[in-house]
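A quick write-up on the structure given underneath.
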Amino acid sequence: MLYTGGRSSCGILAFTFLLFFAISITRSADEPTTTIKYNVVQAWAAKLGGELWHLGDFITRRKEVEESFKQAQVVNKNGAKIVEEMAKDLKYMMDAKVSAVKRIMDTAENTAISFDEEPVNQSFQYYNAKQMIEPGEIITTPIPMIDEDPADITTPIPPKEIVLTKKRHFFNEAVNTTVSSVHVPTNVYDRATEVIKAIKWSEALDSIFYNNYIGDPTLTWQYFGSSSGFLRQFPATKWEQDPVDLYDCRLRSWYIEAANSPKDMLILVDSSGSMTGQRKDIAKHVVSNILDTLGPNDYVNIFTFSEEVAEVVPCFRDTLVQANMGNIRELKLGMDNIETNEIANVSAALTRAFELLEQFRETRNGARCNQAIMLVSDGVPYSFDEVFEQFNWKELPFIPVRVFTYLIGREVADVKEIKEMACRNQGYYVHLSTMAEVREEVLNYIPVIARPLVLNKREHPVVWSEIYADVEDPKMTDWLWEIKERAEQKERFIDYRKNRVLFYSPEEQHRRMIMKQRMNQDPYSNTQKYNFMTTVSVPVFDRRENATRVANILGVAGADVPIAEIKKYLKPHLLGVNGYAFIVTNNGYILTHPDFRPVFQDILKPAYNTVDMIEVELTDDDQGPREFNNQLLNMRESIINQSTGAKWIRVKYHFDEMKRVSRTKRQYYWTPIKNTPFTLVVTYPETYGLNRLQIRTEDEIHRIHAKGSNVASFFTGNNWKIHPDWVYCKYLNEHPNETFATPELELKHFLERMKLGGWKWPSNRTPPPPEHAMFSNITGKLPDKDYYYCDRGLMQALVYDAKVTEWFSKNVSGSGGNKDEKGNEFKQRFGITVSFLATHSGLTRWQEYATGADESKQAEPDFSETHNRAIDEVWYKRAVELDRNSFVYSVPFDAGNRNDTLVTASHAIFHADGAREAPVAVVGFQFHHSALYTLFKNITSQCGHGDPRCEKTCFTGDYQCYVIDNNGFVVISEQLQETGAFFGEVKPAFMQRLLDDSIFRNVTVYDYQAVCFMAKGSINLGTVLQTPLRLLWWLLTNTFSYLVWVVMQLFLSLARAYDEMYDTGAYDVVPELGDLDDPTLNRYKEPEFNKVLINRTRPEPCDHVITLYELNMDVDPSVYTKEAHQCERPYVVLPIPSSNLLLLVLDTLCPLPTHVPQLSTWPVEHDYNASLACHKARSDPLPRRRPLTCINKHANESVIELCGDGSIPRLNVALLLALLAFGQCIGRRYTAGALFAYL
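Residues in the sequence shown are numbered from 854 upward in steps of one, following my numbering.
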């Protein structure tokens, strides 16, 4: 009874408590009072904004900067004139490079004629790039040996000695600018008669190389690529073989495109039952090497044929695809999956190929020039004349489609038919029985297609390549990625062995996952590892009399033009902040663009040089991925057709590591660079980019000198820098240029030189080339030893900016008195480290401040080393874009709770001249985040003057307070680890409310240069033909493998047991888990081992969708006057005056919704349900402009009889019949060639 009463009394008390709680909640809901007081938050925002504005106003001296530019003149930008002048300068430079290459070509052709009959000593020494040594260097490579006499006495050939000096002009490579060196591919024997003979006569090119370089010091690498395989390169330099030498000049785009005209190509691969084992491997290698010889002006597809004919890439059905890097990669992957079975239907394959090529020829699609069929097979039963008569022999002697045949296998039944197919169709026949001979034999087709070009003789087409990285092998992406994954796997195993408990902990696994995700999704990477080029090249013909019968091509002459050099002609100072220029090729691909991102994790992207201009210029609309705006498409078509035009387009663009976004209206102007396949485009924003500063006549340099002033005096001290990538004044030849360690020293040298008499402004930065002529007739005057170039307009602007801002480097508190005290107070209170000024001419000035004892430990790099690019700095661009009455504040995205984080603040200075105004400079400062946090805490810990009874603040635990910037990133948070993070990841529910209230808006951008990581597929056993012998062999090998695996497992178990018994201190002991009575939970139980193993992947091009956020400047201002109302609106948000910041105060008592997904700015792959190459193939093809030159036929070609050679092996007929009988006995349909492959 007592027990029951106790329960009743407890129930009554509980009921009373719940009733009281419900009544209190009801009363609270009925009360009109708000949880967060709007006027308090408003006071906080005003106080914080005022403090920061006064700080910035005082430290940056922005008013004095405005006054300094008050005499400047503002003029309208003339985009059409700017693009025309830039294109003219680029044409002049490129014409000079073409002239140099043609002189190399002339010299090579004439030297080959005169050298025709001269004998060559096999012991002839030359500068071998892989073997030559420097003085005092020890020979580390084996000395080659040759047979000099009939007695087979071998004599060593010592490497030649050469003096090399590092030259900045040649990317800091050690070079010798008086001679050239020779690179011979690994698969070419340099002592072969034709090779050593060509190496000998091509030494005569050294003089033309040298004279070209002296005459035009802007030239970089010049070379002659021989059809025999070697590359003669000037200046001479060593060739590093790291890890192996894979380079062959005949596989580079500049060589291939110059050696023959564009082509449509269909590769037919025999996939019948006989093409297994080594034959299949050789066939794949043949196809891979053929694909390597194609460029973006070619079109290609691959069919496999047995009983049926099918594309190796199903989505490339009934078409030819452009032979760019993405499509070539897709075709190579398709070749990995071919299956062999049944018998070969050669007739069906040829018919299908001819029909497709005829369709492309009649509809004028594809390359619109040469056409070829490459037949890869182990034999054909007959010559299929009826197919050729139907499609290829209608207009003899002209044959529209060349046929090249590749006979695979050591033992073959007959070569006559397959050879005749090539010979009677102006092709070439090759017999391949080993992998080693594939590359050299495949390359034989190039001079055959070049025959009409050589026979024509009168025309040497000039070819400009697409952009490419100057590396040994452009296809090393997969290999380098595999090396990187191996290193990652090794590191994981080491960490696993060191501490298994830590390795398997959820926190560590999560950390690794996030780290890898950030690495894989980071759109930016260091590109300094690679030198990007375009190359101009021309074919070199063999004009010797005996060469007419075979129409030989001697090789290709070329010269590199670094992209970095081209960028120096684009004059960004004329376009202003957020303006830029870019170049588009005839295929619509970009040659240079500020958003060109060819590298990920220090590795070239799989399709880095096929970025279309419409993939980097994103229109501001609601279209989905690859749904390109018609305005943009029309502009692209006009650009690739080399028209001249202009257009306004609304665009959106990302910046700051693809974390921020902006939207604006841009003006585009374009015009062709004549005599090249390139078109130049310039663009600048409408809002602040229409005008620019122009120096008045009285402020020009020579007038300043005339008044007795010294312009060099405007550049005193060390607290200034100029834009490192812009050309102000520069020596173009090598000797004086090597003496300047920094651009600033070079500038000061020229400023001093301007004071001397006889100063002239050079009109061109490239010396005028001599008229194209034979080397022996060149009499042009070489430029002076100190030939230089100065950009007159840029130098005038720079000197003016330096003159009017000379005072900035003086002490900010130099006036003394109250101002001095105020300055010291600001510096100490806010921990200011630097104030700075950057101008439109690329000048940056700064003043540094000592901040205390921890200065030596500051982890942030020096300001002048990381922020010296003026208008190209993010803080400069953001300041100009934002309201000019504000400062823009930012913190690093990875700031977290570091105690050395700096806040960067910047403010744009505009100058008005009548009705026109233009941005002229940006001022700013950096200070410690800890000081900003302290200021924020002091302000938001008080209620202000309005309500002294206030009990709730940001630091009483009732509110959560944030300061976020105009792109949604946290600048201040009570939780320091949230600093720099995206607010949608910190508080997704509240970020979603800000989006719902239109305070922020999301902007979707697409990254069409992304890289995704596909899991590597396993071996497809279905591609292996299972003969009885092969089945038996498969059974034996798998049984043996299983036994080895069992033994290894036993050994590892014993080793682990030994390790546990006798070496328990070597690794951390895993604590006991769970109940000791559970036999499945023992001391050493570990989670699944696959967490140690990484998923092997392969990088593939793909598209990313990125959702970014920006403050909605079009929102009704009343949204910021709304008060908080219980949990219906549990926050107050207000702009912080004179800044890009928002103050957001949240009520912590209100429950947060759980169904809101986390918002993020990280890229997400867009799934097309196909590879990117397939998706592009299914879409309407983008227009392109074909190369102007096409030479695909010549009347004299029909007399050339050389079409390949090969020997017919002796065949044992009895053995053949026995093998055929055996094939019938086992009831399977195999050809004799298939059985030969297995026995």
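A virtual CB, placed ideally from N, CA and C, is assigned to each residue, including glycine. Since the model is a prediction, treat every value here as computed from it, not as a measurement.
Close Cβ partners of Phe1603 (< 7 Å) along its chain, the five nearest in sequence each way excluded: Indexing the sequence shown from 1 puts residue 1603 at position 750. Cβ within range, chain order: Cys1582, Cys1643.
Where Lys1790 sits in the DSSP three-state scheme: Start at 1 with the first residue of the sequence shown, and residue 1790 comes out as number 937. Helix, per DSSP.
Kindly indicate which three-state DSSP category Arg1292 falls into: helix, strand or coil? On the sequence shown, residue 1292 is found 439 positions in, with the first residue counted as 1. Residue state, collapsed to three classes: helix.
| query | Is it right to say His1363 is buried, meaning 16 or more other beta carbons lie within 10 angstroms of its own, or is it exposed? | reply | Within the sequence shown, residue 1363 is the residue found at index 510, counting from 1. Label assigned to His1363: exposed.
Note to self: By alpha-carbon positions, which one of His2028, Leu1889, Leu1457, Arg1854 ends up nearest to Asn1965?
What the structure shows: Within the sequence shown, numbered from 1, the residue matching residue 1965 stands at position 1112. Put simply, of His2028, Leu1889, Leu1457, Arg1854 the residue whose alpha carbon is nearest the alpha carbon of Asn1965 is Arg1854.
Next on the checklist: Helix, strand or coil for Thr960? Go by DSSP, reduced to three states.
Outcome noted: Residue mapping note: residue 960 aligns to position 107 of the sequence shown, counting from 1. It is helical.
Could you say which of Glu1953, His2028, Cys1955, Gly1837 lies nearest to Thr2014 if we only look at CA atoms? Position 1161 of the sequence shown, counting from 1, holds the residue named residue 2014. Minimum Cα distance to Thr2014 is reached at Gly1837.
- Taking 7 Å as the cut-off, decide whether the C-beta atoms of Asn1142 and Ala1303 are in contact. Taking the first residue of the sequence shown as 1, we reach residue 1142 at position 289. Taking the first residue of the sequence shown as 1, we reach residue 1303 at position 450. Result no, Cβ atoms of Asn1142 and Ala1303 do not sit closer than 7 Å.
(message) Which same chain residues end up closer than 7 Å to Ala1201 when comparing Cβ atoms and leaving out the 5 residues on each side of it in sequence?
(response) Position 348 of the sequence shown, counted from the first residue, corresponds to residue 1201. Cβ neighbours of Ala1201 beyond the five flanking positions: Phe1158, Val1162.
(Q) So, with DSSP's three-state summary, where would you put Thr1692? (A) For the purposes of this step, residue 1692 is taken as residue 839 along the sequence shown, with counting starting at 1. Three-state result, Thr1692: strand.
Nearest to Leu1173 (by Cα), restricted to the options Lys1185, Met1188, Phe1156: On the sequence shown, residue 1173 is found 320 positions in, with the first residue counted as 1. Comparing Cα-Cα distances from Leu1173 to each of Lys1185, Met1188, Phe1156, the minimum goes to Phe1156.
- Message: Under DSSP, the alpha helix (DSSP H) around Gly1187 begins and ends at which residues?
- Response: In the sequence shown, counting from the first residue as 1, residue 1187 sits at position 334. Run containing Gly1187: 1178-1188, per the alpha helix (DSSP H) assignment.
Review point. For Gln1547, which of helix, strand or coil comes out of DSSP?
Key: In the sequence shown, the residue the question calls residue 1547 occupies position 694. Residue state, collapsed to three classes: strand.
Neighbourhood of Val1773 by C-beta distance below 6 Å, restricted to the same chain and skipping five residues each side
Here residue 1773 corresponds to residue number 920 of the sequence shown, with the count starting at 1. Excluding sequence neighbours, Val1773 sits near Phe922, Leu1546, His1693, Ile1762, His1764.
Original post:
Starting from Leu1987 and walking both ways along the beta strand (DSSP E), at which residues does that stretch end?
Top reply: Translated into positions along the sequence shown, residue 1987 becomes position 1134. Leu1987 -> beta strand (DSSP E) spans 1984-1988.
### Task
Take every Cβ of the stretch 1379-1399, pair it with every Cβ of the stretch 952-960, and state whether three or more of those distances are shorter than 8 Å.
yes
Subject >> Proximity below 7 Å, CB of Gln1862 to CB of Val1464 >> reply: Locating residue 1862 in the sequence shown gives position 1009, counting from the first residue. Locating residue 1464 in the sequence shown gives position 611, counting from the first residue. Result yes, Cβ atoms of Gln1862 and Val1464 sit closer than 7 Å.
* CB of Ala1220 within 7 Å of CB of Asp1151, strictly -> Numbered from its first residue, the sequence shown carries residue 1220 at position 367. Numbered from its first residue, the sequence shown carries residue 1151 at position 298. In this structure, Asp1151 lies closer than 7 Å to Ala1220 by Cβ.
Buried or exposed (CB count within 10 angstroms, at least 16 for buried), Ile991
Within the sequence shown, residue 991 is the residue found at index 138, counting from 1. Counting Cβ neighbours within 10 Å, Ile991 comes out exposed, since fewer than 16 surround it.
Just list the residues that DSSP pairs Glu1770 with in beta bridges.
Taking the first residue of the sequence shown as position 1, residue 1770 is located at position 917. Beta-bridge pairing links Glu1770 to Ala1765.
| field | From Tyr1422, Pro1745, Glu987, residue whose alpha carbon lies closest to that of Leu2124 | value | For residue 2124 there is no data in the structure shown, the boundaries of the chain being 854 and 2092.
Thr1258 vs Ser1318 beta-carbon contact at 7 Å | Here residue 1258 refers to the residue found at position 405 when the sequence shown is read from its first residue. Here residue 1318 refers to the residue found at position 465 when the sequence shown is read from its first residue. Contact flag unset, no.
* Mark Met1274 as exposed unless 16 or more other C-beta atoms lie within 10 angstroms of its C-beta, in which case mark it buried. => As a position in the sequence shown, residue 1274 is number 421, starting the count at 1. With 16 or more Cβ atoms within 10 Å of its Cβ, Met1274 is classed as buried.
* Check the C-beta distance from Tyr1640 over to Leu1585 and give it rounded, since I have them as a contact under 8 Å. => As a first step, residue 1640 is located in the sequence shown; it is residue number 787 there, counting from the start. As a first step, residue 1585 is located in the sequence shown; it is residue number 732 there, counting from the start. Between Leu1585 and Tyr1640 the Cβ distance is about 5 Å, and since that is below 8 Å, they are a contact.
State buried or exposed for His2008, treating a residue as buried only when at least 16 other CB atoms are found within 10 Å of its CB.
-> Start at 1 with the first residue of the sequence shown, and residue 2008 comes out as number 1155. Exposed: under 16 other Cβ atoms inside 10 Å.
| message | Which runs of the beta strand (DSSP E) at least 3 residues long sit entirely within the stretch 907-941? Give them in chain order. | response | 926-929
For Ile1347, count neighbouring C-beta atoms within 10 Å of its own C-beta (all shown protein chains included) and say buried if the count is 16 or more, exposed if not. Here residue 1347 refers to the residue found at position 494 when the sequence shown is read from its first residue. Answer is exposed; the Cβ neighbour count stays below 16.
- Query: Less than 6 Å between the CB of Cys1168 and some heavy atom of the ligand FAD, yes or no?
  - Reply: Judged by which ligands are present, the structure shown has none, so any question about the ligand FAD falls away.
Just reading off the beta strand (DSSP E) that Trp1501 is part of, what are its end residues? By one-based count along the sequence shown, residue 1501 stands at place 648. That run of the beta strand (DSSP E) goes 1498-1508.
Worksheet item: Is DSSP giving Asn1440 helix, strand or coil here?
Response: Your numbering for residue 1440 matches position 587 in the sequence shown. The answer is coil: DSSP assigns Asn1440 none of H, G, I, E or B.
Query raised in the report: Where does Tyr1349 sit, in a helix, a strand or coil, going by DSSP?
Result: Translated into the one-based positions of the sequence shown, residue 1349 becomes position 496. Residue state, collapsed to three classes: helix.
Handout entry: Residue interval of the beta strand (DSSP E) (run including Asp2000)
Key = Numbered from 1 along the sequence shown, position 1147 holds the residue referred to as residue 2000. Per DSSP, Asp2000 belongs to the beta strand (DSSP E) from 1994-2000.
message: I need the DSSP call for Cys1865, collapsed to helix, strand or coil.
response: Here residue 1865 is taken as the residue at index 1012 of the sequence shown, counted from 1. Reduced to three states, the DSSP call for Cys1865 is strand.
Which same chain residues, not among the five before or five after Leu1333, have their C-beta less than 6 Å away from its C-beta? Counted from its first residue, the sequence shown places residue 1333 at position 480. Around Leu1333: Ile1456.
Reduced DSSP secondary structure (H/G/I, E/B, other) of Ile1120 | The sequence position of residue 1120 within the sequence shown is 267, counting from 1. The answer is strand: DSSP assigns Ile1120 an E or B state.
Next item on the list: Give the DSSP-derived three-state secondary structure of Val1041 in the structure shown.
Entry: The sequence position of residue 1041 within the sequence shown is 188, counting from 1. Residue state, collapsed to three classes: coil.
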